[in-house]
Amino acid sequence: LPLLASSGGVIGRYCDQPEMFPGVAHFHTLRINQPMGHFYKTDFLESLMELWERRGSGITNMHGSTGDIIFIGTSTPQLEEVFYELTHNLNQDLGGSGSNLRTPSDCMGESMCEYACYDTQEICYQLTMEYQDELHESCQGIFVVINRGRRIFRK
């Protein structure tokens with residue numbers, strides 16, 4: 139589903155019998171980038187939930203198999219509104235889906251683990267900034283090698 143300047147974080151879902159089930163004629167899913175290291179502030183979570191109650195079904199899946207915050211169930215006319223509010227009011231972006239880079243996820247790394255070997259939040263941020271917008275390229279050729287503290291990115 140195309141959105142103005144969005145990444146590929148919308149998974150379109152349509153019911154094949156909308157007359158019988160009008161409440162789920164459109165029931166799109168959105169993947170929202172999670173904060174690095176999964177650090178959340180209560181006011182941020184409240185803002186996300188308020189947005190989704192207003193623009194969607196209110197059903198979420200926090201850190202599903204993709205590591206994203208999953209917003210489940212909204213209609214097509216609400217997609218642009220959700221995207222605008224996420225990017226302009228909450229400083230958030232949609233996560234990845236389809237053939238583009240899925241949202242990178244990281245552990246809390248050095249902020250919580252005294253034995254951490256490298257800055258996981260930094261490498262996750264760098265991967266996201268480098269590859270998130272490559273919507274039409276297969277990401278199978280992207281490798282990250284951590285070797286004695288050196289980061290090597292290849293494509």
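Each residue of the sequence shown is one higher than the one before, counting from 139 in our numbering. Each residue gets a CB set at the ideal place from its N, CA and C atoms; glycine is no exception.
Check: May I ask whether a heavy atom of the ligand NAD can be found less than 8 Å away from the beta carbon of Phe159?; Outcome: The ligand NAD is not part of this structure, which contains no ligands at all.
Check: From Asn227, Asp244 and Arg193, pick the residue whose C-alpha is nearest to that of Ser213; which is it?; Outcome: Arg193
Check: Expressed to the nearest angstrom, what Euclidean distance is found between the alpha-carbon atoms of Cys251 and Val220?; Outcome: 35 Å
Check: Where does Phe209 fall in DSSP's three states?; Outcome: strand
Check: Could you say which of Thr198, Glu184 and Glu188 lies nearest to Leu168 if we only look at CA atoms?; Outcome: Thr198
Check: Based on DSSP bridge pairs, tell me the residues matched to Leu232.; Outcome: Ile170
Check: For the beta strand (DSSP E) containing Thr198, name the first residue and the last one.; Outcome: Ile197 to Met200
Check: Starting from Val148, follow its DSSP beta bridges and name the residues at the other end.; Outcome: Leu168
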